[in-house]
Amino acid sequence: MKRFLTALALASIAFGGAAEAKDFKEGSKVRIATEGAYAPWNFTDSSGKLAGFEVDLYADLCERMKVQCELLQTAWEGIIPALQAGKFDAIMAGMSITDKRKEVITFSRNYMGSPASLVVLKSSPLASFDAGLPTISLADVDGGEMAALDKMKAALNGKTVGVQISTTHENFLNEYMAGTVTVKTYDTQENLDLDLAAGRIDAALASLSYWVPLLEGEKGENMKLTGPKMDGGPFGNGVGAGIRQDDQELADMFTVAIDAAIADGTISKLSTKWFGFDGTPKD
């Protein structure tokens, strides 16, 4: 999915130090943060209630863990420092599991896998772009994938690409497209979509799980996917629940519950409902 926080080393300082470890078990209260602005992962519906894939999954996992859960809406930027400061106990907000994040927090196992994809307006010259490969794995780039990346650089040269701030997508552009594209960041994906629709940027990069439902609706009727799907490397190993490093017991509880939700088809059902495809992690 989405999402590389900057200034991670300063996280505990920004919020006055890390919270003490807690003893989590059946019956414990667990406060879980989500952004509420990243549909269909998590969003606020017309009635003002939180909804989406992770909101449904949150309820399912909490029942499996037999804990008392509270769902809190929290701004994406600064969500890791807030976790470390004890404002809540876990993050379920489309957060990709990356090595950089694992330097400061731990994760449950992944509960969703989704590659990153570019979207442009149908009227854009980039709409017909073909990198020569349908997918690129950045975990171990081979010669063909490097050639596809070079084609992408050439196509995007001088263009402005929008991403949500502090995400794996921003990190990818800074690492692989530095000096090639102008990176424009947004506080929310919704604001990014508005600029793309208005033609104020040339392309936008986000997870396929975000784009598919958008493109099927009215807001995305003039947009289309272009170029290869990408995963691995800076995009991490799927999406999981972010948890304080001292609370490994809670991370393990999430992992056991996620394993069960995968085994009985719950995650397949929920991801198909919200994203239009089965996003069950393969590993």
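Count the sequence shown with mature numbering (1 follows the signal peptide of the UniProt record, and there is no 0) and you get residues -21 to -1, 1 to 262, in order.
Glycine residues also receive a C-beta, built at the ideal position from the N, C-alpha and C atoms.
Since the structure is predicted, the reported quantities are computational estimates derived from the model, not experimental observations.
Rounded C-alpha distance that separates ALA176 from GLU5: 47 Å
Closest by C-alpha distance to ALA110, when choosing among LYS252, PHE67, LEU128: LEU128
Within 7 Å, strictly: CB atoms of GLY219 and PHE32: no
ALA18, buried or exposed, once every other Cβ within 10 Å from all chains shown has been counted against 16: buried
Pairwise C-alpha distance: GLY123 and MET131: 13 Å
Beta carbon of THR147 nearer than 7 Å to that of LYS163: no
Inter-residue Cα distance where the pair is ASN72 and ILE246: Before going on, a small fix: residue 72 reads as Ala here, not Asn. Computed Cα separation, rounded: 16 Å.
Exposure label - SER107; buried when at least 16 CB within 10 Å: exposed
Contact set for ASP24: own chain, Cβ-Cβ below 6 Å, skip 5 residues either direction: ALA30
Range covered by the alpha helix (DSSP H) that runs through PRO192: That run of the alpha helix (DSSP H) goes 187 to 195.
Buried or exposed by the 16-neighbour rule on C-beta atoms within 10 Å, applied to PRO207: Classified as buried, PRO207 has 16 or more neighbouring CB atoms from the shown chains inside 10 Å of its CB.
Per DSSP, cross-strand counterpart(s) of ASN89: GLY219
Alpha-carbon spacing of ILE180 relative to GLY141, whole angstroms: 7 Å
Residue burial classification, THR114 (beta-carbon count within 10 angstroms, cutoff 16): exposed
Residue of GLU228, LEU194, THR234 minimising C-alpha distance to PHE254: LEU194
Three-state secondary structure (DSSP) of ALA126: helix
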